[in-house]
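Worksheet: the structure to be examined is printed underneath.
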Ligand code: NAI
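Residue numbers (this note's numbering): 16 to 386.
Right, dumping it as C-alpha cells:
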C-alpha cells in the first residue's frame with residue numbers, strides 16, 4: 016500500500032474546491048491533527064482518513080463510500096465531516112475526538128463482492144496504520160458487512176453485530192435521537208406537547224430516514240416524504256400513509272418540521288428563502304452550507320437544531336459498543352439525553368442572545384477546549 020500526500024493530485028484546481036485553502040484544515044479553523052491519503056492500486060482503494068482532534072480521546076467517526084466529483088471534493092468532505100465529529104463527540108460527552116474517513120468510489124465500480132472485500136480489507140489496513148488515532152464505523156455507503164471485513168485487519172472499528180450481543184447498524188439509534196430532538200423543538204418552538212398531528216417532511220428515506228418515519232408515525236405525526244429511490248417512497252406510502260413529493264419540492268414543503276436525512280449543505284442561500292417549515296431538525300451531517308446560513312434561518316424565524324447535536328445517537332451507539340458497554344436500554348437512555356441537550360441549548364441561546372446554531376458551536380468548542 017502506498018501512503019501518498021500529493022498536493023497536485025489532491026487539489027487539481029482551486030476552482031473545484033472553493034471552500035478549501037489548505038490541505039490541513041478548513042478556512043478560519045484550527046488545522047486537523049493528521050490527514051492520511053492512501054492509494055492501494057491492487058484493490059483500487061483511494062481513501063482519505065482525517066483526524067481532526069484527539070484532545071478528548073481517539074478520533075471516532077464513520078467511513079463514507081461515495082462517488083465524488085473529484086479528489087478535492089472528497090478532501091473537503093473528509094475535513095468537514097471530521098471536524099463535525101469533534102463537535103458531535105464533545106457535545107455528546109463522549110471520551111473521543113473527531114475523525115472521519117472517505118473512500119472514493121473507483122471509476123466503473125460494479126460492486127462485485129470480491130472487489131468490495133479487497134477494498135475494505137485495504138481500508139482496514141489503512142485504519143490500522145494510524146495505530147488507534149482513528150476508529151472507524153459505518154457511514155453513508157458502507158455496511159455492517161464492510162465493517163466485518165475491516166475488522167479482519169484492525170481492531171479500531173465498531174458498528175459490528177457481535178454474536179447476539181449489542182452492536183451493529185447505528186441508524187435506528189440515530190433516528191431515535193432525531194426523534195427526541197424534534198419532540199423538544201416542537202415543545203419549545205411550537206408550544207405543543209405532542210407530535211400528534213404535527214406535519215413532518217423527511218428528505219431521504221434511507222437507513223435513518225425510514226426508522227425516523229416509523230417513530231414519527233407511531234407518535235401520530237403526519238408525514239411528507241421524498242427520496243430519489245422510488246422503492247423507498249412506495250414503502251413509506253404503504254407503511255405510514257405518507258404523502259410523497261418530488262425530490263425537488265421536499266425542502267419547501269409546507270410543514271411544521273423539516274428533517275433533512277439525505278445530503279449535506281441542503282440549507283444554503285438558494286434553499287433557505289424557499290423553506291416553509293417552522294423547525295429544521297434532521298440526521299444529515301453538515302446541513303448548513305456555511306455558518307451564515309444558520310443566521311439566515313434564524314432571521315426567518317425558523318428554529319434550526321444543529322445536526323451534530325441531533326444526530327449523535329449513532330456515535331453514542333458505536334462508541335458504547337466499542338467500549339464494551341453495549342446494553343440496549345442504557346444506550347437508549349443515553350441517546351434520549353439529546354432531548355435535554357436541545358432544551359438546554361435553547362436556554363443557552365436565549366440567555367446569550369445568540370442563534371441556537373452559534374450557541375451550540377460555542378458550547379461544543381468550550382467542551383473541546385476544556386479537554
Ligand atoms: P442512507 O444512504 O441509508 O440514506 C440516504 C437516503 O437519501 C437514500 O435512501 C437515498 O436514496 C436518499 N437520497 C439521496 N439523494 C437524495 C435527494 N436528493 N433527495 C431525496 N433523497 C435522497 O444514509 P443514512 O445512513 O440514512 O444517513 C442519512 C444521513 O444521515 C447522511 O447524511 C448521514 O451522514 C447522516 N448520519 C447517519 C448516521 C447513521 O447512523 N446512519 C449517523 C449520523 C449521521
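In this text, a Cβ means the ideal position worked out from N, Cα and C, and glycines have one as well.
- Per the Cβ contact rule, the region 197-212 is not in contact with the region 339-349 (fewer than 3 Cβ pairs under 8 Å).
- Secondary structure note for residue 242: it is in no alpha helix (DSSP H), with a DSSP letter that is neither H nor E.
- In the DSSP annotation of this structure, the continuous segment of the alpha helix (DSSP H) that includes residue 335 starts and ends at 328-337.
- Excluding sequence positions up to five before and after residue 117, its CB lies within less than 6 Å of the CB of 63, 79, 89, 92 and 93, all in the same chain and listed in chain order.
- Under the three-state reduction of DSSP, residue 143 is assigned to helix.
- The C-beta of residue 206 has fewer than 16 other C-beta atoms within 10 Å across all chains shown, which makes the residue exposed.
- DSSP places residue 119 in the uninterrupted beta strand (DSSP E) bounded by 112-119.
- Residue 228 sits in a helix when the DSSP states are folded into three classes.
- Non-local beta-carbon contacts of residue 308 in its own chain, meaning distances under 8 Å to residues more than five positions away in sequence, involve 282, 283, 284 and 287 in chain order.
- For residue 223, the Cβ falls inside the 7 Å cut-off from some heavy atom of the ligand NAI.
- A residue is called buried when at least 16 other Cβ atoms come within 10 angstroms of its Cβ; residue 218 meets this threshold and is buried.
- In this structure, residue 247 has its beta carbon less than 7 Å from a heavy atom of the ligand NAI.
- Secondary structure note for residue 287: it is in no beta strand (DSSP E), with a DSSP letter that is neither H nor E.
- Under the three-state reduction of DSSP output, residue 318 falls in the strand class.
- Closer than 7 Å to some heavy atom of the ligand NAI: that does not describe the Cβ of residue 78.
- Inclusion of residue 127 and residue 159 in the CB contact set at 8 Å is not warranted, their separation being larger than that value.
- Per DSSP, residue 261 is not a residue of any alpha helix (DSSP H), being assigned neither H nor E.
- The beta carbons of residue 220 and residue 248 sit closer together than 8 Å.
- In the structure shown, residue 88 adopts helical secondary structure according to DSSP, grouped into three states.
- At a cut-off of 7 Å, the beta-carbon of residue 242 counts as near the ligand NAI: some heavy atom of the ligand is closer than that.
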